[in-house]
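Some notes on the structure that comes next.
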Amino acid sequence: MSGSDGVRSWSVSRLVRTFERRIIRLSKEISDIVEPMQPTGSLPPDADVAAFAPTRPATVLLREFIELSEQFERSIGEELEVNPTDLQAMEHLLMGGPLAPGELARRVGISAGATTTAIDRLVALGHVTREPHPTDRRGILVVPQESSRQRAMGRLMPMIMGVDAELDAFTPSEQETITRYLAQVVERLRGHAERRAPEE
Numbered sequence: 001m002s003g004s005d006g007v008r009s010w011s012v013s014r015l016v017r018t019f020e021r022r023i024i025r026l027s028k029e030i031s032d033i034v035e036p037m038q039p040t041g042s043l044p045p046d047a048d049v050a051a052f053a054p055t056r057p058a059t060v061l062l063r064e065f066i067e068l069s070e071q072f073e074r075s076i077g078e079e080l081e082v083n084p085t086d087l088q089a090m091e092h093l094l095m096g097g098p099l100a101p102g103e104l105a106r107r108v109g110i111s112a113g114a115t116t117t118a119i120d121r122l123v124a125l126g127h128v129t130r131e132p133h134p135t136d137r138r139g140i141l142v143v144p145q146e147s148s149r150q151r152a153m154g155r156l157m158p159m160i161m162g163v164d165a166e167l168d169a170f171t172p173s174e175q176e177t178i179t180r181y182l183a184q185v186v187e188r189l190r191g192h193a194e195r196r197a198p199e200e
């Protein structure tokens with residue numbers, strides 16, 4: 001393998017990990033950002049939101065990407081016959097491998113009871129199984145099934161590889177600019193996703 005092939009292989013692997021972790025829950029993480037670019041509380045209740053919407057082409061395309069990612073999430077959920085919460089649980093299992101229910105609950109950010117319900121649904125659909133924990137005789141692990149992993153990856157990989165291939169149309173310098181812009185957008189989105197409403 002040449003050096004350039006090795007770099008591309010590493011880049012694709014990194015894209016796979018990133019997209020699998022982020023794209024099917026993108027709408028949840030960035031819902032706060034799809035709003036007028038104004039400080040919180042600065043617009044009157046009857047303000048025309050459309051009048052404040054960003055109009056630069058890159059921002060418009062980013063918003064379109066957000067909308068399409070929501071459609072992509074829904075289509076995968078429909079194909080696997082799972083709801084958004086169950087899909088998020090599956091994502092963690094596919095990326096992290098077998099997990100104890102408590103760890104799965106922590107990663108998804110739901111209660112123990114809600115996690116049990118989600119696991120029950122996934123077991124009934126054949127996406128996961130409950131297996132004895134190898135080091136904790138009283139514990140169990142939730143194990144993703146290979147058939148479900150292949151179904152999910154069958155949808156994800158063509159999209160991931162296609163997105164990666166689009167970079168071939170840009171020079172290394174242009175790719176650096178794109179990367180810098182997206183990195184800044186990610187930080188902006190993270191800040192909005194983590195923002196909490198002020199205490200009453």
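Residues in the sequence shown are numbered consecutively from 1, following our numbering. By construction, the Cβ of each residue, glycine as well, lies at the ideal position given by its N, Cα and C atoms. What you are looking at is a predicted structure, and each value in this text was computed from that prediction instead of being measured.
For residue i, does the three-state DSSP call read helix, strand or coil?
i	result
GLU137	According to the sequence provided, residue 137 is Arg. The question's Glu does not apply to it. In this structure, ARG137 counts as coil in the three-state DSSP scheme.
VAL128	strand
PRO101	helix
VAL142	strand
SER111	coil
THR177	helix
How big is the Cα-Cα spacing for residue i and residue j?
i	j	result
LEU62	VAL163	14 Å
ARG107	GLY77	19 Å
ARG155	SER75	10 Å
GLN184	ARG56	16 Å
GLN150	PRO84	19 Å
ALA193	GLY109	14 Å
ILE178	THR135	46 Å
GLU64	PRO98	35 Å
Is the separation between the beta-carbon of residue i and that of residue j shorter than 8 Å?
i	j	result
ALA152	LEU104	no
LEU93	VAL123	no
GLN145	HIS133	no
MET90	VAL82	yes
ASP86	ARG130	no
LEU167	GLN175	yes
Residues in its own chain within less than 6 Å of residue i by CB, not counting five upstream and five downstream?
i	result
ALA112	ALA105
SER148	HIS127
With a CB to CB cut of under 8 Å and the five nearest residues on each side skipped, what residues in its chain are close to residue i?
i	result
PRO101	ALA112, THR115, THR116, ILE119, ILE140 and VAL142
So is the beta-carbon of residue i under 7 Å away from any non-hydrogen atom of the ligand GTP?
i	result
PRO134	Annotation note on the ligand GTP: not contained in the displayed structure, which lists no ligands.
Which same chain residues end up closer than 7 Å to residue i when comparing Cβ atoms and leaving out the 5 residues on each side of it in sequence?
i	result
SER173	none
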